[in-house]
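S.K.: Structure in structure tokens, see below.
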Amino acid sequence: MVRAALRRPVGRLVHPDGYGRWREHESRVDFFLEYDRGSEPLGRLAAKLPGYAELAHATGISTPLLLWLPTPSRETAARQALAGASLPVATATPHPDHTPAGPLWLPLHTSGPRRRLAQLATTW
């Protein structure tokens, strides 16, 4: 659930596919989720970032943006398209041995290792 203070700016500035809060032991990470099906041009995906940046500026809260992508090749291309992002962004693709909480997340501007969802709480 999006916090009440964020509802108005979120609807006006961004339209994420989801908002989540993951808790694991002592770690907690809030995040916006963009679920990419590979059906839109990557430029359109990149065009969403200024809205997230404006939201962070308006609220004073820099909430990470997680991008779930359908294939490793789409993830590679998306990471190139988003290379100029100044926001905390991480990408992932499905893997048969891991749930989305597992070590699938690769923060933008890093080459590895992939992190568990809970580890993103201390990444940025």
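First residue of the sequence shown? That's 34 in the working numbering, and the numbers climb one at a time after it.
We put the CB at the ideal spot given by N, CA and C, even for glycine.
As the structure is a computational prediction, the values presented were derived from the model and not from experiment.
1. Which of the three DSSP states is assigned to Glu59 in this structure?
2. Give every residue of the same chain whose Cβ lies closer than 6 Å to the Cβ of Arg54, excluding the five residues on either side of it in the sequence, and list them in chain order.
3. Pick helix, strand or coil for Arg147, following the three-state DSSP scheme.
4. Taking only the alpha-carbon atoms, compute the straight-line gap between Leu153 and Glu73 and give it to the nearest angstrom.
5. Tell me which residues share the same chain as Ser60 and place their Cβ nearer than 8 Å to its Cβ, disregarding the 5 neighbours each side in the sequence.
6. I think Ala89 touches Leu120, with their Cβ atoms under 8 Å apart; what is that distance to the nearest whole Å?
7. Using 8 Å for Cβ pairs, my map puts Thr96 next to Thr126. What's the rounded Cβ distance?
8. Nearest by alpha-carbon distance to Arg45: which of Ala91, Ser106, Glu57, Ser144 is it?
9. Quick one: grab the DSSP three-state call for Pro49.
10. From the DSSP output, read off the bridge partner residues of Pro140.
11. Would you mind giving the Cβ-Cβ distance between Arg112 and Gly135, rounded to the nearest angstrom? I have them listed as a contact below 8 Å.
M.R.: Reading from the atomic positions:
1. coil
2. Asp63
3. coil
4. For Leu153 and Glu73, the distance between alpha carbons rounds to 27 Å.
5. Ala151, Gln152, Ala154, Thr155
6. 7 Å
7. So it is not a contact: roughly 22 Å between Cβ atoms.
8. Checked all of Ala91, Ser106, Glu57, Ser144; the closest Cα to Arg45 is Ala91.
9. coil
10. Ala123
11. About 19 Å; that fails the 8 Å criterion.
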